[in-house]
Amino acid sequence: MKIWVITLFPEYFSAFKEVGVAGQALSGQRGRGFELNTVLLREYSPRDFKGCDDAPYGGGAGMVLRADVLKNALQKGVIEAGEYGENWREKLHIICPTPRGRVWNNEFCKEFASTIWNEEAPRDLVVVCGRYEGLDERFLSKYVDQEICLGDFILTGGEIPALAILDSALRFTPGVLGNRESYQHESFQEPLLEHPHYTRPREFEGMEVPAVLTSGDHKKIEHWKQEQRVEVTKKLRPDLFEKYQRESK
Numbered sequence: 231m232k233i234w235v236i237t238l239f240p241e242y243f244s245a246f247k248e249v250g251v252a253g254q255a256l257s258g259q260r261g262r263g264f265e266l267n268t269v270l271l272r273e274y275s276p277r278d279f280k281g282c283d284d285a286p287y288g289g290g291a292g293m294v295l296r297a298d299v300l301k302n303a304l305q306k307g308v309i310e311a312g313e314y315g316e317n318w319r320e321k322l323h324i325i326c327p328t329p330r331g332r333v334w335n336n337e338f339c340k341e342f343a344s345t346i347w348n349e350e351a352p353r354d355l356v357v358v359c360g361r362y363e364g365l366d367e368r369f370l371s372k373y374v375d376q377e378i379c380l381g382d383f384i385l386t387g388g389e390i391p392a393l394a395i396l397d398s399a400l401r402f403t404p405g406v407l408g409n410r411e412s413y414q415h416e417s418f419q420e421p422l423l424e425h426p427h428y429t430r431p432r433e434f435e436g437m438e439v440p441a442v443l444t445s446g447d448h449k450k451i452e453h454w455k456q457e458q459r460v461e462v463t464k465k466l467r468p469d470l471f472e473k474y475q476r477e478s479k
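Here the working numbering runs 230 ahead of the position in the sequence shown, where the first position is 1.
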């Protein structure tokens, strides 16, 4: 399965393809075999000086990425390069990180991964990374299937949200994580955070590992973990704790 990223800065994705769990998934060492391709936006500008942006109509600060350049990058850099043919709409899912999109969270992430990369009819993914003041609305309305918001803050471009979206979504595809329980008991699987974790050494600067974790009593250990999840969430994320209380009723 292919992932295409249209960007002005493909350097953001060089290390992503080479390190960690995501890098192994993208190199075919884990999961179902993904391939990440970057499409350099400026290579598809009709201008001699490779201009990809222009001043906004109606005035205002900043510059806007041009619809024609974005379309050329999609058409030539993805559709033609990937040989998707005339029915490319059925084979691709095009997303763009924007502040007005649906907010990315764990539930959305699982839904996204299972929908786009399902085993019966998977689609290749195209991520369009914005810059400056954003993208021409005409390209968004005609070619982008889904806008996604990483959170209520502004970044200098869409590359970091793209990395976050890909890294988190890849984890929910079969075979990417060596142990399925790695995500089944993580934070946000329920409206609770994870319990505290401990490893060797048993004593660190006068602090001991909780005795229950070395007791060998699995029932007590699981009870302790659940208690800690509640306490940690109540203390550090009261918003999640309120949600947990509502859903527990």
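Idealized CB from N, CA, C, for every residue including glycine.
Being a predicted model, the structure only gives us computed values, none of them experimental.
Bounds of the beta strand (DSSP E) holding P329 are L322 to V333. Your pair A303 and D366 does not check out as a contact, with CB atoms roughly 13 Å apart and the cut at 8 Å. Cα atoms of A343 and H323: separation of roughly 12 Å, rounded to the nearest angstrom.
Looking from the CA of Q456, the closest CA among L470, K479, L423 and D469 belongs to L423.
The residue from P352, G387 and E313 with its alpha-carbon nearest to that of Y242 is G387. A residue is called buried once 16 or more other Cβ atoms fall within 10 Å of its Cβ, and R401 is buried on that count. For secondary structure counted as the alpha helix (DSSP H) over 4 or more consecutive residues, the segment 259-309 holds these complete runs in sequence order: 297-302. In this structure, the beta-carbon distance from P421 to K479 does not fall below 8 Å. In the same chain as E363, and ignoring 5 residues on each side of it, the C-beta atoms closer than 8 Å to its own belong to P286, G290, A291, G292, M293 and V294, in chain order. In the three-state reduction of the DSSP assignment, I346 falls in the helix class.
Cβ neighbours of A255 within its own chain (closer than 6 Å, five residues either side excluded): G261, F264, L400 and V406. Here G312 is actually not in contact with D375; their C-beta atoms are around 16 Å apart, not less than 8 Å.
Where V358 is concerned, the enclosing beta strand (DSSP E) starts and stops at D354 to V358. If you compare the alpha carbons of I451, T237, K306 and V333 with that of L271, the shortest gap goes to T237. Within its own chain, the residues whose Cβ lies closer than 7 Å to the Cβ of F369, once the five positions on either side in sequence are excluded, are A297, L300 and K301, listed in chain order. By a beta-carbon distance limit of 8 Å, G360 contacts C326. Their separation comes to about 6 Å.
Using a Cβ distance threshold of 8 Å, A392 and V356 do not count as a contacting pair.
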